[in-house]
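Numbering follows the UniProt record's numbering, in which position 262 of the sequence shown is assigned residue number 262; successive positions increment by one, without gaps.
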Amino acid sequence: MSNSDGWGKHAGAYRSNTKSGPPRDSVRAILAKIDSLLPFEEATSILDNGCGTGIGIEVLIEEYSDRFLNLPRIVAADLSPGMVEAVKQTKTSNESSKLWKKVEFGVWSVDDMSAVSDNSFSHIIASLVMFFSSKPEAAFKEAYRVLAPNGVIGMTSFKENEWMKLLNVAKKVRTDAKEAPGLPATWASEGWIRTSFEKARFRDIEVKELNVHVELNETRPFAEFCVRSDNPVMSSVFENFTEQEKDLAVHLIIDHLDEKYPQRPAKMPGVLLVSSARK
1 MSNSDGWGKH AGAYRSNTKS GPPRDSVRAI LAKIDSLLPF EEATSILDNG
51 CGTGIGIEVL IEEYSDRFLN LPRIVAADLS PGMVEAVKQT KTSNESSKLW
101 KKVEFGVWSV DDMSAVSDNS FSHIIASLVM FFSSKPEAAF KEAYRVLAPN
151 GVIGMTSFKE NEWMKLLNVA KKVRTDAKEA PGLPATWASE GWIRTSFEKA
201 RFRDIEVKEL NVHVELNETR PFAEFCVRSD NPVMSSVFEN FTEQEKDLAV
251 HLIIDHLDEK YPQRPAKMPG VLLVSSARK
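Dropping the structure here:
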């Protein structure tokens with residue numbers, strides 16, 4: 001694994017923390033939408049783009065495998081080799097599954113899929129990934145290019161996210177702390193997403209809100225995760241903190257959560273934009 005593969009280093013923890021909650025809600029919403037646009041009975045090739053640890057393919061196979069009239073081509077791709085390796089391990093542990101056996105792999109970014117031929121996929125899953133691209137126009141164009149005629153894409157981005165605001169405690173501990181990353185304003189805009197699809201020549205565009213939540217049972221483990229996780233987004237905020245400073249940040253998050261969410265289990269809210277379109 002490359003030393004620069006921050007997301008790959010986080011793969012194990014990410015898998016452990018996404019057995020429920022927004023990442024799976026995101027995938028389920030995408031799959032339901034692209035199935036309604038182009039039923040999976042007609043699927044010829046499916047790309048899980050920005051696959052992470054493979055939640056999209058896991059849910060696809062668990063909940064839709066009986067819908068495939070023929071075994072489609074399935075590709076898991078991510079910019080992080082470590083994340084792709086995590087999906088390979090899942091494939092190995094599911095050797096008895098005909099669909100898992102067919103899973104192929106790629107390492108590329110959503111805005112540069114030059115390794116992929118035009119018109120390659122009938123369906124694209126892009127869950128919580130497109131907004132990481134620094135070249136959004138290229139990302140939309142590439143999705144259009146690799147989709148087959150009448151092919152469909154479903155993607156998600158955050159409009160609101162309560163738990164990411166917790167990182168702002170960093171400034172209370174150290175005034176010189178890095179700014180906590182905010183949600184990309186463009187990807188939180190229904191109008192901007194719709195216009196971006198239109199510029200890339202997509203049609204049948206739809207953008208809808210989906211309320212999600214992170215369930216909170218104990219505050220300390222979640223606070224520790226926020227401060228000491230190797231998630232690249234979170235770790236970048238606290239990477240220069242001493243252990244004592246991290247302890248203080250954890251304490252401040254616990255105090256905030258206990259005050260704002262006194263009941264257990266609590267639900268920290270978020271809002272996803274579930275977007276879909278057809279080539």
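Glycine included, each C-beta is placed from N, C-alpha and C at the ideal position.
From a predicted model like this one, the values you see are computed outputs, not experimental measurements.
If you run the structure through DSSP and keep just helix, strand and coil, what is Leu31? helix
Could you check the C-alpha separation between Leu47 and Lys33 for me, to the nearest Å? 15 angstroms
Could you tell me the boundaries of the alpha helix (DSSP H) in which Gly191 lies? Glu190 to Lys199
With 16 as the cutoff for other CB atoms within 10 Å, does Lys279 come out buried or exposed? buried
Inter-residue spacing [alpha-carbon to alpha-carbon] between Ala115 and Phe121: 13 angstroms
If I measure Cβ to Cβ from Lys98 and keep anything under 8 angstroms in the same chain, skipping five residues before and after, which residues do I get? Leu71
For Leu38, which residues in the same chain have their Cβ closer than 6 angstroms to its Cβ, ignoring the five residues on either side in sequence? Val152
Comparing the CB of Val84 with every heavy atom of the ligand FAD, is any distance shorter than 7 angstroms? In the structure on display, the ligand FAD does not appear, and there are no ligands present to speak of.
What's the gap between the Cα of Phe105 and the Cα of Ser275? 25 angstroms
Expressed to the nearest angstrom, what Euclidean distance is found between the alpha-carbon atoms of Tyr144 and Met130? 13 angstroms
Below 6 angstroms CB to CB, which residues in the same chain sit around Ala139 once its five sequence neighbours on both sides are set aside? Val110, Asp111, Met130 and Ser133
How is Lys279 classed by DSSP in three states: helix, strand or coil? coil
Near Ala223, what residues of its chain come up, given a Cβ to Cβ distance below 6 angstroms and the 5 sequence neighbours on each side ignored? Val250, Ile253 and Ile254
At which residues does the alpha helix (DSSP H) containing Lys101 begin and terminate? Lys98 to Lys102
Only counting runs of 3 or more residues, tell me where the beta strand (DSSP E) segments fall wholly within the region 69 to 147, in order along the chain. 73 to 78, 103 to 107 and 121 to 126
Span of the alpha helix (DSSP H), counted from its first residue to its last, around Lys260: Glu243 to Lys260
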